[in-house]
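Enquirer:
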Amino acid sequence: MSDNNDPGGSWTNPLGDGGGTDTFTSTSSQSWFSSIGSALVGLLIGLVMIPGSGALLFWNEGRAVQTARSLTEGAGAVWDVSADRPDAANEGKLVHVSGPVRVGQVPLDTELDAKPPNGTLRLLRNVEMFQWLEENRSETRTRLGGGTETVTTSTYRRGWHDGRVDSSRFHQPDGHQNPQLRYASRSFLAQGATLGGFRLSDQQLGGLPTDQTLTLPGSGDGTRYIGPDPNNPRLGDLRITWRYAQPDSVSVVGAQVGDGFGPYATNAGDRLLLIRAGTVPAPAMFQQAQDDNALLTWILRLVGVVLMFIGWVLLFNPLKVLADVIPPLGAVVGFGTGALAAVLTVLVAPVIIAIAWLFYRPLVGIAILAAGLGLAYGITRLRRSRAPSVRKGSLQTP
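Note that this note's numbering gives residue 370 to position 53 of the sequence shown, counting from 1, and the numbers run on in steps of one.
#1: For LYS709, which residues of its own chain have a beta-carbon under 8 Å away from its beta-carbon, when the five flanking residues on both sides are left out?
#2: Please give me, in chain order, every unbroken run of the beta strand (DSSP E) with length at least 3 that falls completely inside the region 329-405.
#3: Just to confirm, is the Cβ distance from PRO417 to PRO424 under 8 Å?
#4: Pick helix, strand or coil for THR269, following the three-state DSSP scheme.
#5: Classify VAL638 as buried or exposed, calling it buried when 16 or more other Cβ atoms lie within 10 Å of its own Cβ.
#6: On the three-pair Cβ rule with 8 Å, is the region 392-408 touching the region 513-531?
#7: At the level of alpha carbons, what is the spacing between THR716 and TYR500?
#8: What does DSSP give as the partner residues of GLU456 in its beta bridges?
#9: Using CA atoms only, rank isn't needed, just tell me which of LEU374, THR344, ARG475 is closest to PRO667.
#10: Just mark GLN422 as buried or exposed, buried being the case when its beta carbon has 16 or more other beta carbons within 10 Å.
#11: Here's a check: name, in chain order, each residue in its chain whose Cβ is nearer than 7 Å to the Cβ of THR714, leaving out the five neighbours to either side.
#12: Cα-Cα, which of SER343, TRP559, HIS478 is closest to ASP538?
#13: Between ALA392 and PRO600, is the Cβ-Cβ spacing less than 8 Å?
#14: Quick check on LEU617: does DSSP put it in helix, strand or coil?
#15: Skipping 5 residues on each side, what residues in its chain have a beta carbon closer than 7 Å to that of GLN383?
#16: If you measure between the beta carbons of VAL444 and LEU498, is that distance less than 8 Å?
#17: Which class does SER484 belong to by DSSP, given the choice of helix, strand or coil?
#18: Going by C-alpha distance, which of MET446, PHE350, GLY359, LEU388 is nearest GLN604?
#19: TYR694 by DSSP, collapsed to three states: which one?
#20: With DSSP collapsed to three states, give me the class of ALA687.
#21: Could you compute how far the alpha carbon of SER702 sits from the alpha carbon of GLY695?
#22: Give a yes or no on whether the C-beta atoms belonging to GLU466 and SER346 are separated by under 8 Å.
#23: Rounded to whole angstroms, what is the Cα-Cα separation between PHE350 and VAL642?
#24: Taking the continuous alpha helix (DSSP H) assigned at GLN521, which residues delimit it?
#25: Cβ of SER485 less than 8 Å from any chain B Cβ?
#26: DSSP three-state label for ILE592, please.
#27: Just to confirm my understanding: we take SER706, look at its own chain, exclude 5 residues before and 5 after, and list those with CB closer than 8 Å. What are they?
#28: Do LEU589 and THR583 come within 8 Å of each other at the CB atom, strictly closer than that value?
#29: With distances taken between CB atoms, is the gap from ILE592 to VAL574 smaller than 8 Å?
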């Protein structure tokens, strides 16, 4: 909601001779009334973000518990079966199968004539293009009377980047248009891949990591360059590399469905289907899945906390904007509201997580709550027991 913009801006060191970078500076201003309007819109967004982030935190604890219980259930129900051929008696059961893999047809990148070695299950093409890249730096100053002025400096340089950057979104697209990609990054999968007597689906092959680099004939470093001169890249030049998965063996945990594998529905509510490269015992596969679940839980907790903090900041931002009539006062109020937002986040987010634990894991939640109360009681008793001796000592001091 800008009241005044300077779309023309100003150039610094403009390119015209094939130089490396150039900058474009633009200035926009916003009146105090417009800032109030934006702050009120932000307040409404904050009113949604705070309960929304709380719901995310609560849901995440339930998701983590459900997944952990499903994995524990699966670890106790899985059957180790031979990879030689499917046994109809195991239909629908959760099975663990490990063994060497065979490939009917290796994945091929026919567009660029890239062929991985025999036994490859997955081939991944990665495309980088030499193109315009934009970096923005903004500085906002509050003017007397409550208005704001924002100076944005956009720096443009040419460099390598995965895929294509949409140059139409640049602050200054003129003179910085990126060409279309001639080739895009793609994944290629083997055909007719089998694990002993079991078929492996495309979805299962897509879960294998591509941890080996494909070296093409005549390319010592595994990179194919598309352009006139790799030592003097031009806009639109491409660097293409390939990585592939060629495990000697594969391990799968899933429901036996005919001569293949499918997700196994647990009583806890999840659907289990695990695949790992190599010969991995079932307990190790389940432990890795538990570790992945714990990591995802902490990531979502962090996301929820950050969203809640932003929500509180937006909720209190109108107070700062009102105080911006006198810029130094606005800075003080902004610091105070930011500190208050941080305190409320630290108080509210753990309470929501604790309530979720009481809801989803009542025994564990109650035990932790009791331990916390006991610790608080012990600290209080210790302080009270030391208080008389401290007072007595203070009376004896001359």
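Backbone N, C-alpha and C define an ideal beta-carbon position, used for all residues, glycine too.
Expert: Taking the definition as stated:
#1: Model confidence at LYS709 stands at a pLDDT of 48, short of 50, so the residue's coordinates are unreliable; what they give is reported in the following sentence. Once the five neighbours on either side are set aside, LYS709 has no close Cβ partner at all.
#2: 338-347
#3: At the C-beta level, PRO417 and PRO424 stay beyond 8 Å of one another.
#4: Residue 269 lies beyond the stretch modelled for the chain, which goes from 318 to 715, so this question has no answer here.
#5: buried
#6: yes
#7: Because the chain in this structure spans residues 318 to 715, residue 716 falls outside the shown range and cannot be described.
#8: For GLU456, which the question treats as bridged, DSSP gives the partners VAL468.
#9: LEU374
#10: Exposed, by the Cβ-count rule.
#11: Because THR714 sits at a pLDDT of 42, beneath the cut-off of 50, its placement in the model cannot be relied upon, and the following sentence gives the value as read from the coordinates. Closer than 7 Å at Cβ, skipping near neighbours: no residue.
#12: TRP559
#13: yes
#14: helix
#15: ALA585, GLY586, ASP587
#16: With contacts defined as CB atoms closer than 8 Å, VAL444 and LEU498 qualify as a contacting pair.
#17: helix
#18: LEU388
#19: In the three-state reduction of the DSSP assignment, TYR694 falls in the helix class.
#20: helix
#21: Rounded to whole angstroms, the gap between the alpha carbons of SER702 and GLY695 is 10 Å.
#22: Yes, the pair counts as a contact, with Cβ atoms nearer than the cut-off.
#23: 11 Å
#24: 519-522
#25: Protein chain content of the structure displayed is limited to a single chain, and chain B is not contained in it.
#26: When DSSP states are grouped into helix, strand and coil, ILE592 belongs to the strand group.
#27: Confidence at SER706 is low in this model, with a pLDDT of 49, below 50, so its placement is unreliable and no value can be given for it.
#28: yes
#29: no
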